[in-house]
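Participant:
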Amino acid sequence: MLLETEVLKEIQCAHVPLGSSGEAIILALASIAWLVLLICLVCVVAFRKHAALRSAQIKTLNVLLLGAALMNGAETSQIGEPTRVKCAMRFSLLLFGFMYFVGSLLIKQYTITMVLRRTRYDRRKGSRGQLFMRFEFTICTLVALAFFVIWYAVVGFEPEAVVADV
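The sequence shown begins at 17 in this note's numbering and counts up by one.
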């Protein structure tokens, strides 16, 4: 609550006011990104039997697309007045989206590296790469959750109102 001698200077949480030109730009770009993501998802589902997509592993592509969708959602969540939920949502969507997007690529790269390094004897046994691929979504979620808890404990998600005396 502001006193009569104080004026709200700014709110320390990234937001774009409703009805501004920034809102229109963000919504236009986000709509294009959602359309591209939808086309990619349709292609993954439609061509899942194709050899190129099978070798890319559908699960990895789905986790990658989920990460891209969460990052896109983070950008659209900053529209409107900042609240505690919106401040937390933007950070958490960016964090989980980035972790799913990049984490799926890193785990896929690790799996390829392990396959290329294996000897003929090792190919008969299960490998760490297969274990990582089986639990890639869980691994990415746990790492992102750890970052989220640490960030919340240290910084919190309260929007801060900076006031100036009149």
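Every residue, glycine too, gets a C-beta built ideally from N, C-alpha and C.
Helix, strand or coil for residue 32? Go by DSSP, reduced to three states.
Facilitator: In the sequence shown, the residue the question calls residue 32 occupies position 16. Strand.
Participant: Give the straight-line distance between the Cα atoms of residue 36 and residue 134, rounded to the nearest whole angstrom.
Facilitator: Within the sequence shown, residue 36 is the residue found at index 20, counting from 1. Within the sequence shown, residue 134 is the residue found at index 118, counting from 1. Looking at the two C-alpha atoms, the distance is approximately 57 angstroms.
Participant: Which value, in whole angstroms, describes the spacing of the CA atoms of residue 86 and residue 69?
Facilitator: Within the sequence shown, numbered from 1, the residue matching residue 86 stands at position 70. Within the sequence shown, numbered from 1, the residue matching residue 69 stands at position 53. If you take the alpha carbons of residue 86 and residue 69, they lie about 22 angstroms apart.
Participant: Is the separation between the beta-carbon of residue 121 and that of residue 80 shorter than 8 angstroms?
Facilitator: Here the question's residue 121 lines up with position 105 in the sequence shown. Here the question's residue 80 lines up with position 64 in the sequence shown. The answer is yes: Cβ separation under 8 angstroms.
Participant: Give me, in chain order, the residues of the same chain whose beta-carbon lies closer than 6 angstroms to that of residue 83; leave out the 5 immediate sequence neighbours on both sides.
Facilitator: As a first step, residue 83 must be located in the sequence shown, where it is residue number 67. Within the same chain, residue 83 has close Cβ partners 113, 116 and 117.
Participant: Taking residue 108 and residue 164 to be in contact with their CB atoms under 8 angstroms, please state how far apart those CB atoms are, rounded to whole angstroms.
Facilitator: One-based indexing of the sequence shown puts residue 108 at position 92. One-based indexing of the sequence shown puts residue 164 at position 148. About 6 angstroms; that satisfies the 8 angstroms criterion.
Participant: Could you tell me the distance, in whole angstroms, from the CA atom of residue 51 to the CA atom of residue 92?
Facilitator: Position 35 of the sequence shown, counting from 1, holds the residue named residue 51. Position 76 of the sequence shown, counting from 1, holds the residue named residue 92. So the two alpha carbons sit approximately 14 angstroms from each other.
Participant: Please report the straight-line C-alpha distance between residue 125 and residue 95, rounded to a whole angstrom.
Facilitator: Along the sequence shown, one-based indexing puts residue 125 at 109. Along the sequence shown, one-based indexing puts residue 95 at 79. Roughly 36 angstroms between the two C-alpha positions.
Participant: Measure the alpha-carbon distance for residue 127 versus residue 66 and round it to whole angstroms.
Facilitator: Looking up residue 127 in the sequence shown gives position 111. Looking up residue 66 in the sequence shown gives position 50. So the alpha carbons of these two residues sit roughly 21 angstroms apart.
Participant: If you check the beta carbons only, do residue 88 and residue 53 fall under 8 angstroms apart?
Facilitator: Stepping through the sequence shown from its first residue, residue 88 is reached at position 72. Stepping through the sequence shown from its first residue, residue 53 is reached at position 37. Yes, they are a contact pair.
Participant: Do you know offhand how far residue 61's Cα is from residue 39's?
Facilitator: Position 45 of the sequence shown, counting from 1, holds the residue named residue 61. Position 23 of the sequence shown, counting from 1, holds the residue named residue 39. Whole-angstrom Cα-Cα distance: 32 angstroms.
Participant: Nearest CA to the CA of residue 90: which residue from 110, 98 and 97?
Facilitator: On the sequence shown, position 74 is the one that residue 90 refers to. For the residues 110, 98 and 97, the minimum Cα distance to residue 90 belongs to 110.
Participant: Is it buried or exposed for residue 32, if we count other Cβ within 10 angstroms and need 16 for buried?
Facilitator: As a position in the sequence shown, residue 32 is number 16, starting the count at 1. Residue 32 is buried by the Cβ-count criterion.
Participant: Is it right to say residue 169 is buried, meaning 16 or more other beta carbons lie within 10 angstroms of its own, or is it exposed?
Facilitator: Indexing the sequence shown from 1 puts residue 169 at position 153. It counts as exposed.
Participant: Can you give me the C-alpha to C-alpha distance between residue 106 and residue 64, rounded to a whole angstrom?
Facilitator: Counted from its first residue, the sequence shown places residue 106 at position 90. Counted from its first residue, the sequence shown places residue 64 at position 48. Distance between the alpha carbons of residue 106 and residue 64 is about 32 angstroms.
Participant: Would you kindly work out how many angstroms separate the C-alpha atoms of residue 131 and residue 71, rounded to a whole number?
Facilitator: As a working mapping, residue 131 is identified with position 115 in the sequence shown. As a working mapping, residue 71 is identified with position 55 in the sequence shown. Roughly 13 angstroms between the two C-alpha positions.
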